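**Q** Residue numbers (our numbering): 331 to 486.
(1) Which residue spans inside the stretch 341-398 form an unbroken alpha helix (DSSP H) run of at least 4?
(2) For residue 345, which residues from the same chain have a beta carbon less than 7 Å from its beta carbon, with the 5 sequence-adjacent residues on both sides left out?
(3) Quick check on residue 404: does DSSP put it in helix, strand or coil?
(4) Looking at C-beta atoms only, is the number of pairs between the stretch 392-402 and the stretch 435-454 that lie closer than 8 Å three or more?
(5) Using three-state DSSP, classify residue 468 as helix, strand or coil.
(6) Can you say whether residue 409 is buried or exposed, counting buried as having 16 or more other CB atoms within 10 angstroms of its CB?
(7) Report the partner residues of residue 454 according to the DSSP bridge assignment.
(8) Cutting at 8 Å between CB atoms, please list the residues of its own chain near residue 422, excluding the five before and the five after it.
(9) For residue 471, which residues of its own chain have a beta-carbon under 6 Å away from its beta-carbon, when the five flanking residues on both sides are left out?
(10) Please report how far the alpha carbon of residue 449 lies from the alpha carbon of residue 405, in whole angstroms.
(11) Under the assumption that residue 371 contacts residue 337 (Cβ atoms under 8 Å), give the Cβ distance between them as a whole number of angstroms.
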């Protein structure tokens, strides 16, 4: 007797295919998968979430939500009562974040994720000797390539 193919099984296969080439699933990607499970496969939100979490567990997939919740106590320890984190502790937190995410993030990506967690939980950067938080403000800003800068002798 052939096994019936339910929408939950089909969605599980879809999530497994989506997770094949990526060991880290951001909140946006997780949300996209949940939306597809609800709209295309006709699942309840709790069923879709359960399938995504099950596949993540089985495939060894790291979820951004999970990594954020694991880095929060570390930031709380580093920040103390005032919730201020200096540059050195921030660097340590970004390397820990990358390790918790499975080592697949670039340095810039892990800095952006840690900055996002800090801002969501009201942590502040500690000013350095020059009374500046420029090191923190630069995180997440795109760097312009040298080819985009106009040269003084060239008409743009």
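We put the CB at the ideal spot given by N, CA and C, even for glycine. Quick caveat: nothing in here was measured; it's all calculated off a predicted structure.
**A** Considering the structure as presented:
(1) The stretch 341-398 contains these whole alpha helix (DSSP H) runs: 357-369, 375-389.
(2) The residue you call residue 345 lines up with position 15 of the chain shown. Answer for residue 345: 363, 381, 382, 385, listed in chain order.
(3) If you number the chain shown from 1, residue 404 lands on position 74. Looking at residue 404 - three-state DSSP - the assignment turns out to be helix.
(4) With three or more CB-CB distances shorter than 8 Å, the stretch 392-402 counts as touching the stretch 435-454.
(5) As a working note, residue 468 is residue 138 in the chain shown. In this structure, residue 468 counts as coil in the three-state DSSP scheme.
(6) Looking up residue 409 in the chain shown gives position 79. By the 10 Å Cβ count, residue 409 comes out buried.
(7) Residue numbering aside, residue 454 sits at position 124 when the chain shown is read from its first letter. DSSP, once it has assigned bridges, lists 414 as partnering residue 454.
(8) As a first step, residue 422 is located in the chain shown; it is residue number 92 there, counting from the start. Counting only Cβ-Cβ distances below 8 Å, and skipping sequence neighbours, we find 408.
(9) For this step, residue 471 is matched to residue 141 along the chain shown. Cβ within range, chain order: n/a, list empty.
(10) As a working mapping, residue 449 is identified with position 119 in the chain shown. As a working mapping, residue 405 is identified with position 75 in the chain shown. So the alpha carbons of these two residues sit roughly 11 Å apart.
(11) For the purposes of this step, residue 371 is taken as residue 41 along the chain shown, with counting starting at 1. For the purposes of this step, residue 337 is taken as residue 7 along the chain shown, with counting starting at 1. At roughly 4 Å, the Cβ-Cβ gap stays under 8 Å, so residue 371 and residue 337 are in contact.
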